[in-house]
Amino acid sequence: MEILPTIVQDFRTLKGLADKAIAQVRDRDLHWQPDKESNSIAVIMKHISGNMISRWTDFLTSDGEKPNRNRDAEFEDDQVSREELLKRWEAGWDCLFRAFDVLSESDIEKTVYIRAEPYTVLKAITWQVRHYSYHIGQIVYIAKHLRSEEWKNLSTPRGKSGDYLRRGP
51 MEILPTIVQD FRTLKGLADK AIAQVRDRDL HWQPDKESNS IAVIMKHISG
101 NMISRWTDFL TSDGEKPNRN RDAEFEDDQV SREELLKRWE AGWDCLFRAF
151 DVLSESDIEK TVYIRAEPYT VLKAITWQVR HYSYHIGQIV YIAKHLRSEE
201 WKNLSTPRGK SGDYLRRGP
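FYI, the numbering used here numbers position 45 of the sequence shown as 95, with every residue one higher than the one before it.
Right under this line is the structure:
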């Protein structure tokens, strides 16, 4: 069984969910936060992108926490435009997918380092799947909250499960 294509598809699915949620939000709402301790969609996008560039650049050969990363700054909303946010966002995802282009199944048991701690490649990858899922869930939740009745569902809408089940495979 090949694991890497399944993981790449999971990452593509997560990105697709986030992209569809982000597309539904007005520009000004990208920076909305429910309170001062919460993150806006813009901040979450900035954090995920910063994490991706750090983790996936030279994935097999350098520590996943790069010395030039400023993680704390990722949580500051610098009020950049949608275009700039999307540019950063795509740069992070591009870095991730390029890393998978050179990975092979034989790399799964190799050791990589994150903050000088050793992890198997598989463990490091699943950590990132979990991490990005957590934050993409936040993006979707915030977007859905902001769009309310105007929200276009990204999965089976409430009350429509029966329709989905009757449709079959």
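Cβ coordinates follow ideal geometry from the N, Cα and C atoms, glycine included.
Predicted model only: the values in this text are computed from it and were never measured.
query: Decide if serine 131 is buried, meaning its Cβ has at least 16 other Cβ atoms within 10 Å, or exposed.; result: exposed
query: By the three-class DSSP mapping on this structure, what secondary structure does isoleucine 72 have?; result: helix
query: Cα separation between aspartate 151 and glutamine 83?; result: 36 Å
query: Using alpha carbons as the reference points, say which of Ile53, Phe147, Val75 and Trp143 lies closest to glutamate 200.; result: Val75
query: What number of angstroms, rounded off, separates the C-alpha of arginine 208 from the C-alpha of histidine 185?; result: 23 Å
query: Using 8 Å for Cβ pairs, my map puts leucine 204 next to leucine 80. What's the rounded Cβ distance?; result: That pair is no contact at about 17 Å.
query: Between which two residues does the alpha helix (DSSP H) harbouring threonine 176 extend?; result: 171–197
query: With three or more beta-carbon pairs closer than 8 Å as the criterion, would you say the segment 85–92 touches the segment 125–140?; result: yes
query: If I follow the unbroken beta strand (DSSP E) through valine 162, where does it start and stop?; result: 161–164
query: So what does DSSP say about proline 117, is it helix, strand or coil?; result: coil
query: Along the chain, where does the alpha helix (DSSP H) that runs through phenylalanine 147 open and close?; result: 132–152
query: So what does DSSP say about glutamate 167, is it helix, strand or coil?; result: strand
query: What residue does the alpha helix (DSSP H) around tryptophan 82 start on, and which one ends it?; result: No alpha helix (DSSP H) holds tryptophan 82; DSSP gives it neither H nor E.
query: By how many angstroms is the C-alpha of lysine 116 removed from the C-alpha of aspartate 85?; result: 30 Å
query: Which first and last residues belong to the alpha helix (DSSP H) in which glycine 100 is found?; result: 91–106
query: Suppose the cutoff is 6 Å on Cβ atoms and the five residues either side in sequence are ignored; what does the same chain contact list for threonine 170 look like?; result: Glu159
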